[in-house]
Every structure is written in structure tokens, then in C-alpha cells.
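All residue numbers for the sequence shown refer to the UniProt record's numbering, where the first residue is 1 and numbers rise by one.
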Amino acid sequence: MASTASTTMSALSEGLLLYKEDPTFDNAITYTTVIDAHLSDAARYTVDEQREILSVLHNILAAEENHALVETIAWDLVAILQPYLTTHPDLAASCLLALASYGAPKEVFLKLVEVHDLGVEPNSASAVATALETCYNRIQAKKPSRFLASYGAAILGMYAQAPVTNYNIASAFMSNIALRMKESEQTMPEDALIQQRLLQAFGTHAIEAFIRSFEHGTASTKDEDTDEEDEVLRSKRGLQLAERFRATHTHPSLRKLDSVSHTDGVDDHVELVNGDLNGLLREVSTVMQLTPEQLWEELPIILGKTYLEESSDEEQDDDVPDVPSAIPLSLTGTIILLAWRTFHERPLRPSSLKEYFEIHMNAAFALSKAHVVNPETLDALLFLGAWITIEMTTNALQDIEPERFLEYIHVFAAISATSPDSNVRYLSHTLVARCIHLHRPDVRLMYIMDTFESCPFEAVRAATVGILKDEILAAIDGEATGSSLLASPFLLTAIGPVIFSIDEEVLSRPQLLQDKSGFLMQALNLYLLLLKKGGEDKLGIRSPTQLKAMEEKWLKPLFVAISDWLSEDKDSEFQVSLLQDALERVNMAHELGIYHISRPPVRPSTRSRSSTPCLSYANFFFKQASNTPQHVLRIVKQDLLRTRSMVTTLLTWKS
């Protein structure tokens, strides 16, 4: 027959009286059996009955005259109270705190760790964490670090389940341990170093747990109807260090524009998450006592370990290492903390940034191989890459082995093509372009040719044309004639067959032509730029033979192909019009002083053409003004002004 609450409370009182009559160890164990028999099955009681029973039990455990009994039986009661943490967290927490305060601290501590291992719900984590802290502070041990390792692991596990709601748990843990370490420094200096390292490890792993929770939290609550909304919120969540750093290094007129994306439309939940992340980083920075320079020194140590890439299921030794450096920090947490510290403190750069760059390379390789590509870690990597390279001079990285260097570049080139975040795509491309310029010209050309010939991403191939444009301009304007492959006729020999050509299959299939339209547009713009910037024709692009070859093998077939494309696919009219406008600008360049392309007639388009080639580009966007954000329109207008300026410059050639 099910026990009633009144029967249980009577049994608790009577058992206590029997113990007091003969307070022996055996009678204490007997009393534990009575409690276990009546409380182990919480489901037999109603919620109100549970409250009454827990109130009686708490009064017994907290009474001063019963402290000797509690010291004996506390370790057994921890597991019995665990189910009640869900139904009555406040009362159960009070009982746990009494056990932690008056029970044998080491035994209760270990039992609390076991309870955590069995699983603690987020709303119960605070109670267990408070009890653990109480026990830890009462433990007198020759090496407190032995208990600190288990303590930190338990707190980290609770924190990882719901770091936003459990933020105060991690904060209290770090503050408490930092205070206890000061006491140990006087009496146990060697163990204090171990404790310091454990605290540093906890801090970096807590940062990683916070970041990883974004993935799990979103996955557990998201449904198909909220996918788009979650993606928008996710893009506004996080530190956005790379984007903010870029905004401070752009033209002043663009800084206000860049800042719009950091504040507009960010809801209260995202602000809360971002605030907690900043708060955690601030607190970890305080307790870790490591400067940004020391964090840079830590990264090679972390990267030298295999724990990141291997998830071993073998039995692990529970003993804490005797050497602080043997305790691993989190690579993800360390990188994010380093980026945050660097962004806010702006430490002095060392005389040689090459060492930092090589560490950055190794970190990118490790995270890429471990598939750790969450937005926050990627943001930190992009920022650190920009911070390292922003003040490097041309060829500063020329001593780095080309194969490793190009592997590093391809990591970010792939991200620039596949990331769903437009800011990340742009920042990755910017880092690629910056790093390429820091190596030797032959390595730059090697990357460019390899990308054109082998890269599966059309977006990367198109973006690489832009990189090539910048490199050619830098070579023509800033380097002595003949000193660079990028300012000699050899360049056209190398890139011409790859860029200024088009396969017959592409010409005959509109879908393939559409897929490659971005690359073709960039190639046409590059050709126009080379004609304009040829100067004394260092590249040999203005020779009649070269111009004739361009017309026959590339330009005239394109005129025919885009005409066929438009006739078959009216939905692609805008893409076709952009290619037509680019071809017209190239033709204008030929007509105004170099060579005229005898192009075949283009089938009439359904759109009305303007006398100025780029006006159709403008009209398309300006018609969408009511549905287009103002900051996007400003960017488009700036692009149009640059295009018109290029066409105007061409008009000077006749003179």
C-alpha cells in the first residue's frame, strides 16, 4: 500500500528520536535506510505532499543538534534528493546545501559530482553548483587541485547545457577559485600553479561551450517556419570583430554605412546572448592572468597536442597532471579570447609579425581539419588575420613555403564561396587578397592560375579576377618595368588562354553560360582595365595580333552566345544585359582608338536600351528602390559612378 505523506513524516520523526536515544554509527545508517525507503520514490507523493516532506527533512538536516548525524549520512542522501530538484528546486536545494554545509565535505563533494554525471537539468544546476562550492571551500587537502579538476569539470558540464541561464554559475566558480588560489599561493605555491592552469583551462572551455550551445540551442528549438528568422538573428549574434575592424580601416564615408548592420534589427534575446558572451570573455580575461602576447605563445602548445583532432574513447587517467603546461586549454576558446583581447586592448605588434602569421596558419589548418567552422570562431580567425596582415609590407611572407601558404589561402577562399553570411564571404575574400599580395609574384600567379584552372566554385574564380586586377595595377604602378611577372607580356601568355577564352560547350548551353556569367563579367572588366592601364603596353595587350585573337576567339562568340541566351531564357534578361553592357564598353574601347570589333547583330531585347551602356544597370536597381535598403542603394550608386568614370576615361584615347 502506498505510503502517505503523514506516515512518511512520522517515520522521519520517530527514526530521529531512536537515533538520539543511541547515537551510534549503526543507528545512523538505520536512519538513512528509513529515509531511503520513504523518499526514494518521489512519484508516490503529490506535489504538495513532497513539499511537506522536504520541509520536515530540511528542518532535521539544518538543526544544530543533528549536525553529527548529518556528517555521517549526508553522502547517502545526495542521490535520494536528486529527483526532487525538478519538482521542488528551492526546497531540495536547501536540503542539498545543508548536506554540503554539515556533511563530510569530501564524500558529499564526490557524490555531487556523481549526481552531475547522471544528468542535471539546467534549472537545477544552480543548486548543485552552490552545494559543490560549499563543499570545495570546506575541503582541507594537501593538493586542492585534485578536487578542483573534478569541480571544474562538473561546473563546465552544467554550464555547457545552458550557458545563458547558467552564466552566473561559471562566474561564481571563477571568482571563488581565484580567491582560494590566493590562499594557496602562500602555503602551496606549486599546487597554486596547477590550480591557476585549471582555471585557465576552465575559462577557455567555458567560452567554447558557450559558442557550441548556439548550435545545439538553435537545433533543438528550430522548425521549418523559423529557419529564415533564425538565420537573420544568427547573423546579428556574436562579436563581429572582423567586420568592426574592417569598418575602422575603410574610407571615412563608409564607416557609418558599415556600422548599420551591427545595431539595426537586433532583438532583446540576441542582445542578451551577446552581452553574456562579452561578460564571460571579460571575466575569463580577468582570472586567467594571461596577456595577448602570452595567449599567442599558448597557441603552438595547444596545436602541438592531438586532443582536438582525436576523440578517444580509451580510459583516461583521472589524476591531474603535475605540470601546468600538460593541462590543455581549448583551442576554440583561446582563439576567441585572443581575438577579443586584441580587439579591445590593441596590443603593440611585435617587430616581426611573421611568427604570428604562421601560428594563425596552423590554427586555421587545425580548425578546418576538425570541422570547427562556427561563425564565432571564424570571425575571430578573420579578425586576427586582418590584424596581423594590415601593417605587413609587400613580399613580407615570401619566405613561407609556397605549398603550405597556398593551402592556407584555399581554406579562406572556400569559405568566401560557401559561407551563408555575406559579411564572412567578403571578409574571407579580403583576407585572401591581402595575403596573396604579401608573397612573391610567382606565388601570387601560381594561386591565380590554380584557381582559374581547378577551383570548383565559380564565385571564387570570379573573385580571383578581381585579385588579379589589383595585382596587375600594383605591378604596373609600383614596380619597376620587368621586375614582376605581373607587369610583363608573360602574364597575358599565362592567363590569356584561361581567362580570355570560352568553351564551345558553354557557348552552346545557356544554363552553363548563366552559371559562368559572373566570371565572364569580371573577365570583360579585366580586359577593359588592361586596355585602359596599358600605358606603354607593357603587357602587349594592344598589339594588332593580340586584339585580333581576342575578337575571333572570345569577344565575337560571346556576342552570339548572349543573344541566343536571351532568346531562350527571358527570365535571365538582367544577367544578359549586364554582359551586353560590358561587351559594349569593350567595343567602345576598341572603337576609340585601337581596334573595331566587327560584331554580328544582336537579336533585339525585350528591354528598352539606353544610349549610355550602364544606365540599364542603374534603372534595374532604381526601380526596386521601394524594396531595397538605402545602404544597398548607396553602394550601387558608388559602383555606377566608378563604371561611368571608366567609360569617360576611355574617351580621352582619341586625343
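Think of the CB as a built atom: it goes at the ideal place given N, C-alpha and C, for glycine as much as any other residue. In this text, all values refer to a predicted model and were calculated from it rather than measured experimentally.
- Two segments are said to touch when three or more pairs of C-beta atoms, one from each, lie closer than 8 Å; by this definition the stretch 380-396 does not touch the stretch 203-212.
- For residue 50, the uninterrupted alpha helix (DSSP H) run begins and ends at 47-62, by DSSP.
- For residue 554, there is no enclosing alpha helix (DSSP H), as DSSP marks it with neither H nor E.
- Of the residues assessed, residue 371 falls on the exposed side of the cut-off, its CB having fewer than 16 other CB atoms within 10 angstroms.
- Per DSSP, residue 152 is one residue of the alpha helix (DSSP H) stretching across 145-161.
- If you draw a 10 Å sphere on the C-beta of residue 126, you find 16 or more other C-beta atoms in it, and that means buried.
- DSSP, reduced to helix, strand and coil, places residue 89 within a helical segment of the structure shown.
- Assignment of residue 25 by DSSP, reduced to helix, strand and coil, places it in the helix class.
- For residue 323, the three-state secondary structure derived from DSSP is coil.
- Counting only residues of its own chain and dropping the five nearest sequence neighbours on each side, residue 349 has no CB closer than 6 Å to any other CB.
- Here the alpha carbon of residue 29 sits roughly 22 Å from the alpha carbon of residue 94.
- If you ignore the 5 residues before and after residue 51, its C-beta comes within less than 7 Å of the C-beta of 88, 91, all in its own chain and listed in chain order.
- The alpha-carbon separation between residue 323 and residue 15 amounts to approximately 50 Å.
- If you compare the alpha carbons of 445, 559, 85 with that of residue 472, the shortest gap goes to 445.
- Residue environment for residue 22: exposed (fewer than 16 other C-beta atoms within 10 angstroms of its C-beta).
- Within a 10 Å sphere around the beta-carbon of residue 294 sit fewer than 16 other beta-carbons, which makes this residue exposed.
- Listed in chain order, the non-local C-beta contacts of residue 383 below 7 Å within the same chain comprise 241, 242, 245, 339, 343, local neighbours out to five positions each way being set aside.
- Per DSSP, reduced to three states, the secondary structure at residue 400 is coil, with no helix or strand assignment.
- Scanning the stretch 388-446 for uninterrupted alpha helix (DSSP H) segments of 4 residues or longer gives 402-418, 422-436, listed from N- to C-terminal end.
- The C-alpha of residue 335 lies about 7 Å from the C-alpha of residue 377.
- If you check the CB distance, residue 170 and residue 194 do not come in under 9 Å.
- In the three-state scheme derived from DSSP, where H, G and I count as helix and E and B as strand, residue 368 is classed as helix.
- In the structure shown, the three-state DSSP call for residue 94 is helix.
- For residue 485, same chain residues with a beta-carbon under 7 Å away, outside a window of 5 residues either side, are 441, 442, 445, 491 in chain order.
- For the pair residue 499 and residue 452, the CB atoms are nearer than the 9 Å cut-off.
- If the five residues before and after residue 395 are omitted, its C-beta is found closer than 8 Å to the C-beta atoms of 438, 439, 440, all from its own chain and listed in chain order.
- Each of 33, 72, 40 was checked against the Cα of residue 25, and the nearest Cα belongs to 72.
- Pairing residue 183 with residue 202, the inter-Cα distance amounts to about 20 Å.
- Judged by DSSP secondary structure, residue 511 falls within the alpha helix (DSSP H) whose first and last residues are 510-515.
- Comparing alpha-carbon positions, the option among 514, 413, 150, 141 lying closest to residue 110 turns out to be 150.
- Counting along the chain, residue 334 sits inside the alpha helix (DSSP H) bounded by residues 331-345.
- Between residue 81 and residue 69, the C-beta spacing is not below 9 Å.
- Between residue 74 and residue 107, the C-beta gap is smaller than 9 Å, which places the two residues in contact.
- Here residue 282 carries a helix assignment [DSSP, helix/strand/coil].
- Counting only the Cα atoms, residue 166 lies some 25 Å from residue 54.
- The beta carbon of residue 128 lies closer than 8 Å to those of 85, 96, 112, 115, 116, 120, 154, 158 in the same chain, with the five residues before and after it left out.
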